[in-house]
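J.: Okay, handing you the structure first.
Protein chains in written order, with this note's numbering: chain L, 23 to 216; chain E, 887 to 1062.
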C-alpha cells in the first residue's frame, strides 16, 4: 500500500505555519519536527511517552485563540489512548493531532506496533468523538489532512501513513527547562518569567 | 477527632488556596475524598475542570497549561499517584511548577487490602521522583499544607504533592 515519506510529510504540516504552536512526541517525530526547522514555538518531548496529546490539550485550553498541533508517532499515541477520550469530551476547537504512523517502534529496533495489525487510530478518535479525522496515504490525502489539521474546528486527528526508511538524526535542544522557558517567553513575553 | 476539627471545612479551604494562586486548570480522576472540592471547581467559571481517564494525563495536561501561561492542580487518590510516575519526568526535567493534592487510601484503618501497597508506597514513590511531599494528618493542617505546596510550586518552580490522610477523610466504610 502507498505510503508517504515522513520527513516531507512533517515539513508539509509545518510549512507556512504562522503562529501555530507545536508539541511533538518523543523519538521520530521529535527529530522530524526539528528537521523541518527548529522554532521557539515547538515544544519537544524527549521522554514522558504517552503524554504528547495531553500536553497539547492543556496548551490548547490555556491558549484558545492559537492553533495547537501535536505531531506524534503511533507508538506514543497508543500509550496514551485514554487521552483521545479526555480530549474528545473537552472539545477544544483549536487542537489538532497528527499521528505520523510508520506502524513500528522506530527508536527501539523497529518492532511492529498495533497500528500495523489493524488498530486504526483515526477510527478510535472518531469513536471517542473527535470533530473530524482522516487517514492519508498519498499526496492528495496529505493535502486534505494538512488543511484539516490547520483549519478545521477541533479536536481533529489525522493519521499519516509513512514509510520506514531510516532518516538522518536531527536533534533539537534537549534541556527541558530551556525548551519550556523559550517557548513561554516567545508566547507570553515578559509574563513568562513572572 | 475533636468536634472542632470535624467542623473545619478543609475542601473549601483548598479551593480558596487554588483561587488565591490563580489556578485555572483542574485535572482529576475522582475520589470520594475530593468530591466536594471537585464540585466547587466545576462550579467556578474561571476554572476548567477536566476529568481524566488516568492520572498521568493530568501531569501532561498541566505541563501544557503552564506552557500556555496557566497554572493547574491535579486532584487524585493515592492509587493514582502510582500511575503518574514516568509522566513526572516531564515536570521535573522541564522545571515546570506542579501541584497535586492526593487523598489517601490504604494507610490508616483501610478495609480493602488492594489499596494498601500503593497507599503505603505513595510518599516513597513520589520522593523517588523528586517530588516534595507535605502530609496533612488532621483537618486543621490541610489548608497550610496546600498553601505551602502551592507557594513552593508556583513561586519556587518546584513539583509538590500534598497527601490528605484517612485520619482526615475517615477510612472508607464498606457498608450499604
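Note that CB positions come from ideal geometry on N, CA and C, so glycine has one too.
Could you list which residues in chain E have their beta carbon closer than 9 Å to that of residue 193 of chain L, in chain order?
T.: Those within 9 Å of residue 193 of chain L in chain E number zero; the least Cβ separation is about 16 Å.
J.: Is the region 900 to 919 of chain E in contact with the region 38 to 47 of chain L, if contact means three or more CB pairs nearer than 8 Å?
T.: No, the region 900 to 919 of chain E is not in contact with the region 38 to 47 of chain L.
J.: Got a sec? Which residues, its chain only, sit under 8 Å from residue 951 of chain E by beta carbon, not counting five neighbours each side?
T.: Answer for residue 951 of chain E: 910, 911, 957 and 958, listed in chain order.
J.: Report the residue ranges of all alpha helix (DSSP H) runs contained in full by the region 50 to 114 of chain L; include only those spanning at least 4 residues, in chain order.
T.: DSSP runs (the alpha helix (DSSP H)) wholly in the region 50 to 114 of chain L: 50 to 57, 74 to 84, 96 to 101 and 104 to 112.
J.: Quick check: is the beta carbon of residue 951 of chain E nearer than 8 Å to any beta carbon in chain L?
T.: It does: the Cβ of residue 951 of chain E has a partner Cβ on chain L nearer than 8 Å.
J.: Which of the three DSSP states is assigned to residue 127 of chain L in this structure?
T.: Strand, per DSSP.
J.: Mind listing which residues of the region 73 to 85 of chain L have their C-beta closer than 7 Å to chain E's C-betas, in chain order?
T.: Cβ contacts with chain E: 73, 76, 77, 78, 79, 80, 81, 83, 84 and 85.
J.: Count the CB pairs spanning the region 938 to 948 of chain E and the region 74 to 91 of chain L that are closer than 8 Å, and state whether there are at least three.
T.: Contact between the region 938 to 948 of chain E and the region 74 to 91 of chain L is present, because at least three Cβ pairs lie under 8 Å.
J.: Per DSSP, which one or two residues make a beta bridge with residue 30 of chain L?
T.: Partner(s): none; residue 30 of chain L has no beta bridge.
J.: Which residues, in order along the region 972 to 992 of chain E, keep a beta-carbon less than 7 Å from a beta-carbon of chain L?
T.: Listed by position along the chain: 972, 973, 975, 976, 979, 980, 981 and 982.
J.: Would you please verify whether the beta carbon of residue 65 of chain L is less than 8 Å from any beta carbon of chain E?
T.: By this cut-off, residue 65 of chain L is an interface position.
J.: I'd like to know whether the C-beta of residue 212 of chain L is nearer than 8 Å to at least one C-beta of chain E.
T.: For residue 212 of chain L, the answer is no, since every Cβ of chain E falls outside 8 Å of its Cβ.
J.: Might you give, ordered along the chain, the residues of its own chain that have their beta carbon closer than 8 Å to the beta carbon of residue 184 of chain L, omitting 5 neighbours on each side?
T.: For residue 184 of chain L, where only same-chain residues beyond five positions count, the Cβ hits under 8 Å are 25, 26, 27, 28, 31, 122, 123 and 124.
J.: Closer than 8 Å, CB to CB, is residue 938 of chain E near chain L or not?
T.: At least one chain L Cβ lies under 8 Å of residue 938 of chain E.
J.: What residues are listed by DSSP as bridge partners for residue 980 of chain E?
T.: Residue 980 of chain E is not bridged to any residue.
J.: If we count Cβ pairs, one from each stretch, closer than 8 Å, do we get three or more for the region 919 to 934 of chain E versus the region 898 to 905 of chain E?
T.: Verdict: yes, contact present.
J.: Give the single residue among E/987, E/1007, E/1056 and E/943 whose Cα lies nearest to the Cα of residue 1028 of chain E.
T.: The shortest Cα separation from residue 1028 of chain E among E/987, E/1007, E/1056 and E/943 belongs to E/987.
J.: Between the Cα of residue 974 of chain E and the Cα atoms of L/211, L/61 and L/198, which residue gives the shortest distance?
T.: Of the listed residues, the one whose Cα sits closest to residue 974 of chain E is L/198.
J.: Is it true that the CB of residue 981 of chain E sits closer than 8 Å to the CB of residue 1040 of chain E?
T.: Taking 8 Å as the Cβ cut-off, residue 1040 of chain E and residue 981 of chain E do not qualify as a contacting pair.
J.: Would residue 191 of chain L be called buried (16 or more neighbouring beta carbons within 10 Å of its own) or exposed?
T.: Under this definition residue 191 of chain L is an exposed residue.
J.: With a Cβ-Cβ cutoff of 8 Å, do residue 67 of chain L and residue 74 of chain L count as a contact?
T.: Yes, these two residues count as a Cβ contact at 8 Å.
J.: Of all the residues that make up the region 1022 to 1055 of chain E, which are near chain L by a beta-carbon distance shorter than 7 Å?
T.: So nothing in the stretch comes that close.
J.: Using a 10 Å radius around the Cβ and a threshold of 16 neighbouring Cβ atoms, would you call residue 140 of chain L buried or exposed?
T.: So residue 140 of chain L ends up on the exposed side.
J.: In terms of residues, what are the limits of the alpha helix (DSSP H) holding residue 168 of chain L?
T.: Unbroken alpha helix (DSSP H) run through residue 168 of chain L: 161 to 173.
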